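Just below is one structure, and these are the notes that go with it.
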Amino acid sequence: MTIDRCHTFRTKSFSQGHVTDWGMCIKGAILLLLTLQLTVFPAQAQSDYGFDFEKTGSAGFQALKIGIGARESALGEAASSLTNDANAVFWNVGALPLVSGPTVYLTHNEWLVNSRVDALVAAVPVKSYTFGLSVMNFGIESYEETTATYPEGTGRQVSAGDLIVGLAAAKRFTDRLTIGLQVKYVREQLDQDVFSNVLFDVGTLYYTGFRQLRLAFTIQHFGASVNALRESFRMPLLFRMSVADDLVDMQAFRLSTSFELVHPTDNNEWVNWGIESVFLDMLSLRAGYRFQVDEGDFSLGAG
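According to the numbering used here, the sequence shown is numbered sequentially starting from 1425.
What follows is the structure, given as structure tokens:
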């Protein structure tokens, strides 16, 4: 069960204005794609990340992959091209400029096996920039330690959890192109052992100009490996590529859909699909499906 609370201190309508510099738009997009192609992708290919079945489950800090937000979860996590609020920091930091005013989101999620996820995110637009601050905490209930000598329990309680703090900045380069960057401090506790790291996210959102078709590309959790418990663990790096469009766009009714390809470096690829109908900007019905996953495939939501 996921519970979201949002408060927007100031609102203003979002409209797409006149493209002031197509040259800058095209050059910026090309530069970004070339940079990613020449740096990130070769590095991952050389390490054979994500293309070997033996890599499955080989990354640490798995709490980074937990989806945040009731809307995004109901959409089957096909969110990087549909997210348009402060929760964009968890899906596509490049979409952060779509936030219409200073906003705070609170999320509480009763997750698997007596675990819980709590998140707080705040976003503030400043001219063509939008800045975000996020805090996420993942924890599980304490449980009794068991060993080979004491299989029924030693009487000592152990616990585990993660803390993630992020600072994000995104800029609207034109009325069609936005790019964002986020730096995150992650800390994981496994009983008495504590590990930490600094990670980076980068995301883009591009409106094509055809209908409301938009494209999103995101890299999440990029950072160095961590030595823990005498082993080296890679970060759960994610590549997201998504496309979304408004199938129906009327004043009283809007129907949007999104497809998203997710390529993790520690598992096989999967595809997310989501659809959302909005009535009079007051009632939303959502559904989603995640293909090629072991659990959590179908989702529904309303708001």
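For every residue, glycine included, the Cβ atom is placed at its ideal position computed from N, Cα and C. Quick caveat: nothing in here was measured; it's all calculated off a predicted structure.
* Asked: In the structure shown, what three-state DSSP assignment does residue 1683 receive?
  -> Numbered from 1 along the sequence shown, position 259 holds the residue referred to as residue 1683. Reduced to three states, the DSSP call for residue 1683 is strand.
* To do: Assign residue 1671 to one of two classes, buried (16 or more other C-beta atoms within 10 Å of its C-beta) or exposed (fewer than that).
  => Taking the sequence shown and counting its residues from 1, the one referred to as residue 1671 is at position 247. Flag for residue 1671 reads exposed.
* Quick one: residues in its chain with C-beta nearer than 6 Å to the C-beta of residue 1686, no 5 flanking neighbours on either side, listed in chain order? => The sequence position of residue 1686 within the sequence shown is 262, counting from 1. Excluding sequence neighbours, residue 1686 sits near 1664 and 1694.
* State whether the region 1671-1684 contacts the region 1700-1708, with contact taken as three or more CB pairs (one from each stretch) at a distance under 8 Å. => yes
* Asked: Based on the DSSP secondary-structure assignment, which residues constitute the bridge partners of residue 1665?
  -> Against the sequence shown, residue 1665 aligns to sequence position 241. BP columns for residue 1665 point to 1641 and 1685.
* **Which of helix, strand or coil DSSP assigns to residue 1496** => As a first step, residue 1496 must be located in the sequence shown, where it is residue number 72. DSSP places residue 1496 in helix when its eight states are reduced to three.
* Extent of the continuous beta strand (DSSP E) run through residue 1588 -> Looking up residue 1588 in the sequence shown gives position 164. First-last of the beta strand (DSSP E) with residue 1588: 1584-1596.
* Asked: Are the beta-carbon atoms of residue 1611 and residue 1637 separated by less than 8 Å?
  -> Here residue 1611 is taken as the residue at index 187 of the sequence shown, counted from 1. Here residue 1637 is taken as the residue at index 213 of the sequence shown, counted from 1. It is not a contact, given that the beta carbons lie outside the stated cut-off.
* **Proximity below 8 Å, CB of residue 1659 to CB of residue 1623** => For this step, residue 1659 is matched to residue 235 along the sequence shown. For this step, residue 1623 is matched to residue 199 along the sequence shown. Yes, the pair counts as a contact, with Cβ atoms nearer than the cut-off.
* If we ignore side chains and look at the alpha-carbon of each, how far apart do residue 1524 and residue 1549 end up? -> Counting from one through the sequence shown, the residue named residue 1524 turns up at place 100. Counting from one through the sequence shown, the residue named residue 1549 turns up at place 125. For residue 1524 and residue 1549, the distance between alpha carbons rounds to 7 Å.
* Host beta strand (DSSP E) of residue 1486 (start-end) -> As a first step, residue 1486 must be located in the sequence shown, where it is residue number 62. No beta strand (DSSP E) contains residue 1486, which DSSP labels as neither H nor E.
* residue 1661: buried (16+ other C-beta within 10 angstroms of its C-beta) or exposed? -> Position 237 of the sequence shown, counted from the start, is the residue given in the question as residue 1661. Buried, because 16 or more other Cβ atoms sit within 10 Å of the Cβ of residue 1661.
* **Alpha carbon of residue 1512 to alpha carbon of residue 1655, nearest angstrom** => Here the question's residue 1512 lines up with position 88 in the sequence shown. Here the question's residue 1655 lines up with position 231 in the sequence shown. Cα atoms of residue 1512 and residue 1655: separation of roughly 33 Å, rounded to the nearest angstrom.
* Which partner residues of residue 1549 appear in the DSSP bridge assignment? -> Walking along the sequence shown from the start, residue 1549 turns up at place 125. The secondary-structure analysis by DSSP pairs residue 1549 across a beta bridge with 1554.
* Is residue 1613 closer than 8 Å to residue 1647 when the C-beta atoms are compared? -> The residue you call residue 1647 lines up with position 223 of the sequence shown. The residue you call residue 1613 lines up with position 189 of the sequence shown. No; because the gap between Cβ atoms is not below 8 Å, this pair is not in contact.
* Asked: Buried or exposed: which applies to residue 1533, given that a residue is buried once 16 or more other Cβ atoms fall within 10 Å of its Cβ?
  -> Residue 1533 sits at position 109 when you count from the first residue of the sequence shown. The residue is buried, with at least 16 neighbouring Cβ atoms inside 10 Å.
* Using a threshold of 8 Å, state whether the C-beta atoms of residue 1643 and residue 1518 are closer than that. => Taking the sequence shown and counting its residues from 1, the one referred to as residue 1643 is at position 219. Taking the sequence shown and counting its residues from 1, the one referred to as residue 1518 is at position 94. Not in contact: residue 1643 and residue 1518 (Cβ atoms no closer than 8 Å).
* C-alpha gap between residue 1684 and residue 1600, whole angstroms -> If you number the sequence shown from 1, residue 1684 lands on position 260. If you number the sequence shown from 1, residue 1600 lands on position 176. Cα to Cα, the separation comes out at about 20 Å.
* **Distance, residue 1595 Cα to residue 1473 Cα** => The sequence position of residue 1473 within the sequence shown is 49, counting from 1. The sequence position of residue 1595 within the sequence shown is 171, counting from 1. Note that residue 1473 has pLDDT 46, beneath the 50 cutoff, so the model's placement of it is unreliable and the number below is only indicative. So the two alpha carbons sit approximately 30 Å from each other.
* Close-in-space but distant-in-sequence residues of the same chain around residue 1495 (CB under 6 Å, 5 per side omitted) -> For the purposes of this step, residue 1495 is identified with residue 71 of the sequence shown, where counting begins at 1. Excluding five sequence positions before and after residue 1495, none of the CB atoms of its chain fall closer than 6 Å to its own CB.
* To do: Measure the CB-CB distance between residue 1510 and residue 1487 and report whether it falls below 8 Å.
  => Counting from 1 along the sequence shown, the entry for residue 1510 is found at position 86. Counting from 1 along the sequence shown, the entry for residue 1487 is found at position 63. No, the Cβ-Cβ distance between residue 1510 and residue 1487 is not below 8 Å.
* Once you ignore the five residues that flank residue 1625 on each side, which residues in its own chain have a CB closer than 6 Å to its CB? -> Here residue 1625 is taken as the residue at index 201 of the sequence shown, counted from 1. 1517, 1606 and 1644.
* How big is the Cα-Cα spacing for residue 1597 and residue 1578? -> Mapped onto the sequence shown, residue 1597 falls at position 173. Mapped onto the sequence shown, residue 1578 falls at position 154. Going from the Cα of residue 1597 to the Cα of residue 1578 covers about 59 Å.
* To do: Count the other C-beta atoms from every protein chain shown that fall within 10 angstroms of the C-beta of residue 1641, then say buried if there are 16 or more, exposed otherwise.
  => Position 217 of the sequence shown, counted from the start, is the residue given in the question as residue 1641. With a 10 Å radius around the Cβ and a threshold of 16 neighbouring Cβ atoms, residue 1641 comes out buried.
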